[in-house]
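Here the structure comes first, spelled out in structure tokens, and everything after it is commentary.
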Amino acid sequence: RNLPEEVEESTAKTTQTIHVSNSTWHDFSRLVDVQKGSHVSGVSDLKRYLHRFGYVGDDDDGNNFSDVFDGRLESAISLYQKNLGLPITGRLDTSTVTLMSSPRCGVSDTHMFNSGVRTTAH
Amino acid sequence: YTYFGGKPKWNRDTLTYAFSKTHKLDYLTSDDVKTVFRRAFAKWSNVIPVSFEEVDDYTTADLKIGFFAGDHGDGQPFDGVLGTLAHAFAPENGRLHFDAAEIWVVGDDFKGKGSSVAVDLESVATHEIGHLLGLGHSSEESAVMYPSLRPRTKKVDLTVDDVAGVLKLYGANPKLTLNSLTGTEYSLKNG
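Protein chains in written order, with the numbering used here: chain A, 56 to 177; chain B, 957 to 1147.
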């Protein structure tokens, strides 16, 4: 059956909507449940994110992070989970990846575990 | 709650603040932004013996507030919509930068429709003022100083964790009364 002309027109308009997204962050959802030792594309972006906020130190070869889920990444994830009040598993579970994909303050977290002073309110 | 290394703080009881006249948003009026900041500063000055005075001269103000996009020369480039929202520097630097690429909203209760990536300006302002005063990030998800804020959410009332941290740094505002913390009543009861 031929569609009436104006319906065609409105469809064209819909396709012109531009979806705003920030590909740097949202790709983390693909990394949920990636296991230690595996080599998965996108892990290097995660390392770059954790480096940005102080959880991964400078890499030996000038921060060309690899896509291997190594021991350093596992401990960085554990420290991240500890600081952000998540269950400390060292794994890329859903709640951790969701939080990493959420917008946040640009100030690094280094003061939470390096020379910063940490006190707990009782 | 945490502090920056060395626990830097301001040693004055009145801090001036000003807005950049060039690095600003064109879709929010300066009155909108000023109203938000008056509220956000009041949250903190309610608790500690520090008051905040709005001034015109950006170059001489203690606290300098602006909206910047991408690489803006302080070594911490912004990254477009979502991602990093803003950053502020520890005492006595005084700079507070918002990512101009975000969709900043004021006075929205987010109960109706609207952009799925809208970010509440007052919530982020209240958080970054905590940094300007010397507070670091908190591990308490309910705290204003928790580093992450989901789009379309509001977090403008100081919790016990925020108040305890800033009180330890500056001491209490002599006029502080518990009910002036009404916003944190729930947290106090649960504190």
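Every residue, glycine too, gets a C-beta built ideally from N, C-alpha and C.
ask   = What does a CB cutoff of less than 7 Å around S99 (chain A) pick up in its chain, not counting 5 residues either side in sequence?
value = Only residues of its own chain outside the window of five on either side were considered, and among them F120, S121 and D122 have a CB closer than 7 Å to the CB of S99 (chain A), listed in chain order.
ask   = Taking Cβ positions only, does G140 (chain A) come closer than 8 Å to chain B?
value = For G140 (chain A), the answer is yes, since a Cβ of chain B falls inside 8 Å of its Cβ.
key: N77 (chain A) versus K999 (chain B): straight-line alpha-carbon distance, rounded   = Annotation note: pLDDT 46 at N77 (chain A) (below 50); position unreliable, coordinate value reported separately. Cα-Cα distance, rounded: 32 Å.
message = According to DSSP, is D148 (chain A) part of a helix, a strand, or is it coil?
response = Of the three classes helix, strand and coil, the one that applies to D148 (chain A) here is coil, per DSSP.
request  = Answer yes or no: does any C-beta atom of chain B fall closer than 8 Å to that of N77 (chain A)?
outcome  = Reliability fails at N77 (chain A), whose pLDDT of 46 lies under 50, so the model's placement of it is uncertain and no value is given.
key: 8 Å Cβ shell around S130 (chain A) - same chain, five flanking residues per side excluded   = Around S130 (chain A): G145.
ask   = Grouping DSSP H, G and I as helix and E and B as strand, with all else coil, what is A974 (chain B)?
value = Strand, per DSSP.
key: Same chain, Cβ closer than 6 Å to L58 (chain A), neighbours up to 5 away in sequence not counted   = Annotation note: pLDDT 46 at L58 (chain A) (below 50); position unreliable, coordinate value reported separately. Short of 6 Å from the beta carbon of L58 (chain A), and not among the five residues preceding or following it, lies no beta carbon of its own chain.
task = Say whether the stretch 1116 to 1123 of chain B touches the stretch 1057 to 1073 of chain B, bearing in mind that this needs 3 or more beta-carbon pairs closer than 8 Å, one atom from each stretch.
result = Short answer: they don't touch.
key: A1044 (chain B) at chain A interface by Cβ criterion, 8 Å   = Yes, because at least one Cβ of chain A sits closer than 8 Å to the Cβ of A1044 (chain B).
ask   = Leaving out the 5 sequence neighbours to the left and right, which residues in its chain are closer than 7 Å to C160 (chain A) when beta-carbon positions are compared?
value = Excluding five sequence positions before and after C160 (chain A), none of the CB atoms of its chain fall closer than 7 Å to its own CB.
query = Rounded to the nearest angstrom, how far is the Cβ of V162 (chain A) from that of A1044 (chain B), given a contact under 8 Å?
reply = Separation of the CB atoms of V162 (chain A) and A1044 (chain B) is rounded to 7 Å, and the pair is thereby assigned contact status at 8 Å.
task = May I have a chain-ordered list of the alpha helix (DSSP H) segments no shorter than 4 residues that lie completely inside the stretch 81 to 150 of chain A?
result = Secondary structure remark: continuous alpha helix (DSSP H) runs of at least 4 residues inside the stretch 81 to 150 of chain A, in chain order: 98 to 107 and 126 to 138.
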